[in-house]
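For the sequence shown, this note's numbering assigns the number 17 to the initial residue and increments by one for each residue that follows.
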Amino acid sequence: MAAQDLLFELWMDFLNTTIRSAKVTVNDVVIVKPIFRTSVEGSIIKKYIYLDQEFGNVSRAALFDGQGREVDVEEMNIEKTQDGQMIVFFYAFELTKRGVTLG
17 MAAQDLLFEL
27 WMDFLNTTIR
37 SAKVTVNDVV
47 IVKPIFRTSV
57 EGSIIKKYIY
67 LDQEFGNVSR
77 AALFDGQGRE
87 VDVEEMNIEK
97 TQDGQMIVFF
107 YAFELTKRGV
117 TLG
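Dropping the structure here:
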């Protein structure tokens, strides 16, 4: 494995394991949700949040790290019915080396 491949793999693993939970606002009530599923496909990480029992207006979804810090948020205006619904955050990454310098 080339050094840059290893660096990219470590970076993806770090990002994947950092996101631990979600908070979704439904009808102005904040609900803590677990990450339902995670998929890693090449350079794309997807975090799935499943809404099953909740229904009404979904206005916000946020992802949190293990220390409870908000790492990403998406404002939305979705009417969720009684059927299950999935919110998916996805990220595509590219590792680009900018250069090396001696100082």
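Cβ coordinates follow ideal geometry from the N, Cα and C atoms, glycine included.
Identify whether residue i lies in helix, strand or coil by the three-state DSSP scheme.
{"i": "T33", "result": "helix"}
{"i": "E110", "result": "coil"}
{"i": "T26", "result": "Correcting the residue type first, residue 26 is Leu in the shown sequence and not Thr. It is helical."}
{"i": "D21", "result": "helix"}
{"i": "T97", "result": "coil"}
{"i": "D88", "result": "strand"}
{"i": "F105", "result": "strand"}
Roughly how many angstroms separate the alpha carbons of residue i and residue j, rounded to a whole number?
{"i": "I47", "j": "V87", "result": "17 Å"}
{"i": "T117", "j": "A18", "result": "21 Å"}
{"i": "A78", "j": "F105", "result": "9 Å"}
{"i": "A38", "j": "I60", "result": "19 Å"}
{"i": "D81", "j": "V45", "result": "21 Å"}
{"i": "K96", "j": "L67", "result": "9 Å"}
{"i": "S75", "j": "N32", "result": "25 Å"}
For residue i, collect the residues of the same chain with a Cβ closer than 7 Å to its Cβ; drop the 5 residues on either side in sequence, then sort them by chain order.
{"i": "S55", "result": "K62"}
Counting only C-beta atoms, is residue i closer than 7 Å to chain C at any point?
{"i": "M102", "result": "Protein chain content of the structure displayed is limited to a single chain, and chain C is not contained in it."}
By Cβ distance, which residues of its chain are closer than 6 Å to residue i, with the 5 residues on each side in sequence left out?
{"i": "V89", "result": "A78"}
{"i": "K49", "result": "A38, V40, I65"}
Report buried or exposed for residue i, applying the criterion of at least 16 other Cβ atoms within 10 angstroms of its Cβ.
{"i": "I65", "result": "buried"}
- [ ] Assess, as a yes-or-no matter, whether the region 67-76 is touched by the region 100-107 under the definition of 3 or more beta carbon pairs within less than 8 Å.
- [x] yes
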